[in-house]
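Read the structure below first, then the notes.
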Amino acid sequence: MTDHDRAWQPTACILCECNCGIVVDVDDRSLARIRGDKSHPASRGYTCNKALRLDHYQNNRNRLASPMRREADGTYTEIDWDTAIAEIAAGFRGIVDTHGGDTILYYGGGGQGNHLGGAYSGAFLKALGSHYRSNALAQEKTGEHWVDAQLYGNHTRGEFEHAEVSVFVGKNPWMSQSFPRARVVLNDIAKDPARSMVVIDPVVTDTAKMADFHLRVRPGTDAWCLAALAGVLVQENLCDETFLTEHVTGVDAVRAVFAEVPVDDYAQRSGVSADLVRAAARRIATVTSVAVFEDLGVQQAPNSTLCSYLNKMLWILTGNFAKRGGQHLHSSFAPLFRAGGVGRTPVTGAPVIGGLLPSNVIVEEILTDHPDRFRAMIVESSNPAHSVADSGMMRRALGELELLVVIDVAMTETARLAHYVLPAASQFEKAEATFFNLEFPHNTFHLRHRLMEPLPGTLPEPEIWARLMRALGVVGDAELAPLRAAAQRSRADFTAAFLTTVGENPGLGKVLPFVLYETLGPALPEGLSGAAALWGLAQKAAMTYPEAVRRAGHADGNALFDAILAGRSGVTFTVHEYEDDFALIAHEDRKIALEIPALLADTRALAAAPIGLTSSEFPIVLSAGERRAFTANDIIRDPAWRTRDADGALRISVEDARELGLADGSRALITTATGRAEATVEISAAMQPGHASLPNGYGVDFVDDDGSARAPGVAPNALTSVGWRDAYAGTPWHKHVPARIEPVPALAAPGASRG
Ligand SMILES: Nc1nc2c(c(=O)[nH]1)N[C@H]1C(S)=C(S)[C@@H](COP(=O)(O)OP(=O)(O)OC[C@H]3O[C@@H](n4cnc5c(=O)[nH]c(N)nc54)[C@H](O)[C@@H]3O)O[C@H]1N2
Ligand SMILES: Nc1nc2c(c(=O)[nH]1)N[C@H]1C(S)=C(S)[C@@H](COP(=O)(O)OP(=O)(O)OC[C@H]3O[C@@H](n4cnc5c(=O)[nH]c(N)nc54)[C@H](O)[C@@H]3O)O[C@H]1N2
Ligand code: SF4
Ligand SMILES: [Mo]
Numbered sequence: 001m002t003d004h005d006r007a008w009q010p011t012a013c014i015l016c017e018c019n020c021g022i023v024v025d026v027d028d029r030s031l032a033r034i035r036g037d038k039s040h041p042a043s044r045g046y047t048c049n050k051a052l053r054l055d056h057y058q059n060n061r062n063r064l065a066s067p068m069r070r071e072a073d074g075t076y077t078e079i080d081w082d083t084a085i086a087e088i089a090a091g092f093r094g095i096v097d098t099h100g101g102d103t104i105l106y107y108g109g110g111g112q113g114n115h116l117g118g119a120y121s122g123a124f125l126k127a128l129g130s131h132y133r134s135n136a137l138a139q140e141k142t143g144e145h146w147v148d149a150q151l152y153g154n155h156t157r158g159e160f161e162h163a164e165v166s167v168f169v170g171k172n173p174w175m176s177q178s179f180p181r182a183r184v185v186l187n188d189i190a191k192d193p194a195r196s197m198v199v200i201d202p203v204v205t206d207t208a209k210m211a212d213f214h215l216r217v218r219p220g221t222d223a224w225c226l227a228a229l230a231g232v233l234v235q236e237n238l239c240d241e242t243f244l245t246e247h248v249t250g251v252d253a254v255r256a257v258f259a260e261v262p263v264d265d266y267a268q269r270s271g272v273s274a275d276l277v278r279a280a281a282r283r284i285a286t287v288t289s290v291a292v293f294e295d296l297g298v299q300q301a302p303n304s305t306l307c308s309y310l311n312k313m314l315w316i317l318t319g320n321f322a323k324r325g326g327q328h329l330h331s332s333f334a335p336l337f338r339a340g341g342v343g344r345t346p347v348t349g350a351p352v353i354g355g356l357l358p359s360n361v362i363v364e365e366i367l368t369d370h371p372d373r374f375r376a377m378i379v380e381s382s383n384p385a386h387s388v389a390d391s392g393m394m395r396r397a398l399g400e401l402e403l404l405v406v407i408d409v410a411m412t413e414t415a416r417l418a419h420y421v422l423p424a425a426s427q428f429e430k431a432e433a434t435f436f437n438l439e440f441p442h443n444t445f446h447l448r449h450r451l452m453e454p455l456p457g458t459l460p461e462p463e464i465w466a467r468l469m470r471a472l473g474v475v476g477d478a479e480l481a482p483l484r485a486a487a488q489r490s491r492a493d494f495t496a497a498f499l500t501t502v503g504e505n506p507g508l509g510k511v512l513p514f515v516l517y518e519t520l521g522p523a524l525p526e527g528l529s530g531a532a533a534l535w536g537l538a539q540k541a542a543m544t545y546p547e548a549v550r551r552a553g554h555a556d557g558n559a560l561f562d563a564i565l566a567g568r569s570g571v572t573f574t575v576h577e578y579e580d581d582f583a584l585i586a587h588e589d590r591k592i593a594l595e596i597p598a599l600l601a602d603t604r605a606l607a608a609a610p611i612g613l614t615s616s617e618f619p620i621v622l623s624a625g626e627r628r629a630f631t632a633n634d635i636i637r638d639p640a641w642r643t644r645d646a647d648g649a650l651r652i653s654v655e656d657a658r659e660l661g662l663a664d665g666s667r668a669l670i671t672t673a674t675g676r677a678e679a680t681v682e683i684s685a686a687m688q689p690g691h692a693s694l695p696n697g698y699g700v701d702f703v704d705d706d707g708s709a710r711a712p713g714v715a716p717n718a719l720t721s722v723g724w725r726d727a728y729a730g731t732p733w734h735k736h737v738p739a740r741i742e743p744v745p746a747l748a749a750p751g752a753s754r755g
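In full-length UniProt numbering, the protein residues as written are 1 to 755.
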């Protein structure tokens, strides 16, 4: 084909939760040219720098192309799919028979852009009787979810595009994005004298540089800063009393706590001038709209769940809900969390929030002789041996399992510990979708079609899960035959047949994704059988948000499903009106329940709580895992994709560098309670004394075309600890690791100390 013959094909970037629409010029299986997709309803042509180099994900010699089995001597043998599926299914059956299904833990289910495959895992796990799950959300968002569940029973998102004041708490959207068209929106805010930005961050980030109010807290002191902000709102009578009376319960108890907050003292403890705290609070209280985004800077730091609660005071007390530019509950196409109360893990009794147990307790749930310990794991699209606290201990725990199966595109740190590794087709070789659909009033869903056939030897996850299910043999083909026939006739026939069949045979309802894949899947257009599960989700969306789905132009669930199949650049699936926010509150009275007694007690206890968790042995706070221009979790392993920051520099303040005798570009030794690592130093005026930062996504190994292995930069979780976690949610304090930093001793063997 000549260059002119090749068509630009729509898909999405897979490197962060935004999943910006892109169009790709595919040349012989490579993503030759990439542009933003102007037809994508959320991103509208926007991308950041990272999307343009996605070919480093698609094409590299670390791709897996055959199922593999680990042999007794630790080497891997390539095996065929039938053998792999049969042995894995038998292996899990054995675990169930000997120890019970609940000794099998499922981890992952999707990275930043691929949640479709994970949607099928539930059927297999249910068939095994396995209920425990975890993934990366349980190392960041479960604390916020626990707070949200009590306040209004749903997730919120700020409408930054229209907000008069945007507040970013431990969030650097210039680098980490996370909402549509982030840099365009940030530039618009910065340019408009009528709008303001408040940033709470110890670092002078690119976002903080644009802020009107940069509350440059001391690391780990956000609770005091946020309590002081809420204190100003209450003490200066800046709350929206009409809103509180009409839409919020439990206000008096909350008011009583913030009335007593010593604002000057708490501001000072957090390292921010009281005048600045007051000015920011007044600005937030006297505008038409405020939107707030909290992220890892508080979610992975001390008092994280408390901070999730406190920052929500900024928009709730000021009534910035259910209006343009405010904070919103939104529709969801597929829930990221399970509904229901907090369960407990079998060994340590850790909280299971939204169906997810804390990533940080997994090692303790394995490395024990407790009879209910986890004996087996399935890891799908995740790399816990690298991404969860204390990689050394995590690897030991994974090594103890009787059965570990990893489904990935690459031979990851986790895959190298597995008994079986199953190679997935890449996200450009199969139908895929993200369930990060979090916007309001317009919410979008994008089913991406494959750009090319799967790499030979690989399979899309929906097919992998279906084969595992078939091997278990729990659903007879005769049970599925009528549905399969109906699907071939018409969508209407399928719908009718589905209602009767599943009504008569509730067992099928329990393994629904499998049933849909086996029956509706074959009737879908070529390459889209993996989209079958979306049929069920589309019906559910149409039932849950009938008006909003109709406003988006879809008459019913089937119409929505068809629009999703046809819309190559994504579709808007709900259009809400601002008033709808109230109906989206899960509580029966449709009011926000503001009082969370335990967290109010914690707010009171701040008065006597210690500031600072460093010691003379570990005097510096290390933020282990900052988002930078060329980080994308562990999704791209090839270091050549980075055009700068090749080593993932350790950023330290001018003052600390001087005191420690470290020069720009020199090597530093970092020691924490858990491990040691060496990094290249970057002296940065953005850092405050006593605070240092390492990027995320580095330290993954990669084999170059010449066969040499490399792992540039520091694997951040060589330095973190499993016990260093939040009391409510068990989420890790990765941004707040006490560390010692010193020049690399002259005689140390190079690289010998890397963790
Ligand atoms: N480039 C890039 N973008 C990404 C990703 C990526 O890997 N690379 N990953 C995506 C994912 S999975 C996520 S979850 C998001 C995360 O997005 P962010 O949360 O924005 O990312 P981080 O850089 O980890 O942390 C945010 C900020 O927390 C600050 N911080 C550190 N300690 C404290 C503290 O004590 N208090 C406060 N207030 N702030 C503190 C840091 O200085 C940093 O600016 O990014 C997404 N976007
Ligand atoms: N110290 C420290 N640790 C952290 C963080 C931090 O800031 N500091 N951040 C945490 C956060 S917020 C997150 S979200 C996690 C992320 O950590 P993980 O949940 O482990 O996810 P990723 O690193 O994104 O890894 C995604 C995996 O999916 C694989 N993959 C890519 N495409 C496909 C596909 O189509 N199919 C399959 N089956 N696999 C595929 C990739 O090869 C990769 O191995 O890290 C967490 N860990
Ligand atoms: S990394 Fe995120 S913001 Fe950047 S292009 Fe990809 S999806 Fe969009
Ligand atoms: Mo994340």
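Every residue, glycine too, gets a C-beta built ideally from N, C-alpha and C.
Inter-residue Cα distance where the pair is residue i and residue j
| i | j | result |
| --- | --- | --- |
| isoleucine 85 | glutamate 461 | 13 Å |
| alanine 72 | alanine 89 | 20 Å |
| valine 409 | tryptophan 641 | 17 Å |
| lysine 591 | histidine 247 | 5 Å |
| threonine 348 | aspartate 369 | 12 Å |
| serine 176 | threonine 103 | 36 Å |
| histidine 131 | alanine 673 | 33 Å |
| phenylalanine 428 | leucine 356 | 28 Å |
| arginine 344 | arginine 282 | 42 Å |
| valine 744 | arginine 667 | 6 Å |
| cysteine 18 | tryptophan 535 | 23 Å |
| leucine 599 | alanine 605 | 9 Å |
| serine 391 | alanine 746 | 27 Å |
| glutamine 9 | glycine 530 | 19 Å |
| alanine 752 | glycine 707 | For alanine 752, the pLDDT reaches just 45, beneath the cut-off of 50, and the residue's location in the model is therefore unreliable, leaving the point undetermined. |
| arginine 658 | glutamate 682 | 12 Å |
| leucine 480 | valine 290 | 51 Å |
| aspartate 206 | glutamate 294 | 16 Å |
Nearest-angstrom Cβ-Cβ length linking residue i and residue j, presumed shorter than 8 Å
| i | j | result |
| --- | --- | --- |
| threonine 671 | threonine 572 | The pair is not a contact, with the Cβ atoms about 51 Å apart (cut-off 8 Å). |
Beta-carbon contacts of residue i that lie in its chain and below 8 Å, excluding the five residues immediately before and after
| i | result |
| --- | --- |
| histidine 386 | Thr412, Glu413, Thr414, Asp634, Gly699, Val700, Ala715 and Asn717 |
| arginine 342 | Sequence inspection shows valine at residue 342; the arginine mentioned does not correspond to that position. Taken in chain order, the residues that qualify are Trp146, Pro351, Val352 and Ile353. |
| phenylalanine 213 | Ser196, Met197, Val198, Val199, Leu276, Ala279, Ala280 and Arg283 |
| phenylalanine 702 | Asn60, Asn62, Arg637, Asp638, Pro639, Ala709, Arg710 and Ala711 |
Check whether residue i and residue j have beta carbons under 9 Å apart
| i | j | result |
| --- | --- | --- |
| alanine 548 | histidine 587 | no |
| asparagine 172 | valine 203 | yes |
| alanine 466 | tyrosine 106 | no |
| glutamate 164 | arginine 195 | yes |
| isoleucine 727 | threonine 305 | What sits at residue 727 in the sequence shown is alanine, not isoleucine. Cβ distance < 9 Å, so alanine 727 and threonine 305 count as in contact. |
| glutamate 78 | tyrosine 420 | no |
| serine 134 | proline 358 | yes |
| leucine 669 | alanine 677 | yes |
| valine 376 | valine 405 | Going by the sequence as given, residue 376 is alanine instead of valine. In this structure, valine 405 lies closer than 9 Å to alanine 376 by Cβ. |
| leucine 459 | tryptophan 81 | yes |
| alanine 679 | leucine 660 | no |
| glycine 567 | arginine 450 | no |
| glutamine 112 | cysteine 48 | no |
Short CB-CB distance (under 9 Å) between residue i and chain D
| i | result |
| --- | --- |
| valine 261 | The question asks about chain D, but that chain is absent: this structure has only one protein chain. |
Sheet register partners of residue i (DSSP bridge)
| i | result |
| --- | --- |
| asparagine 558 | DSSP output for asparagine 558 lists no bridge partner at all. |
| arginine 63 | Ala410 |
| aspartate 493 | The partner list for aspartate 493 (beta bridge, DSSP) is empty, contrary to what the question assumes. |
Beta-carbon contacts of residue i that lie in its chain and below 6 Å, excluding the five residues immediately before and after
| i | result |
| --- | --- |
| glycine 250 | Ala593, Leu594 and Glu595 |
| aspartate 55 | Ser30 and Leu31 |
| leucine 367 | Ala397 |
Close beta carbons around residue i, own chain, < 7 Å, minus the five adjacent residues each side
| i | result |
| --- | --- |
| leucine 537 | Phe333 and Ala334 |
| arginine 754 | Low confidence applies to arginine 754: its pLDDT is 42, below 50, so where it sits in the model is not reliable, and the reading given next is rough at best. Only Ala677 and Glu678 meet the Cβ criterion. |
| leucine 229 | Val277, Ala280, Ala281 and Leu314 |
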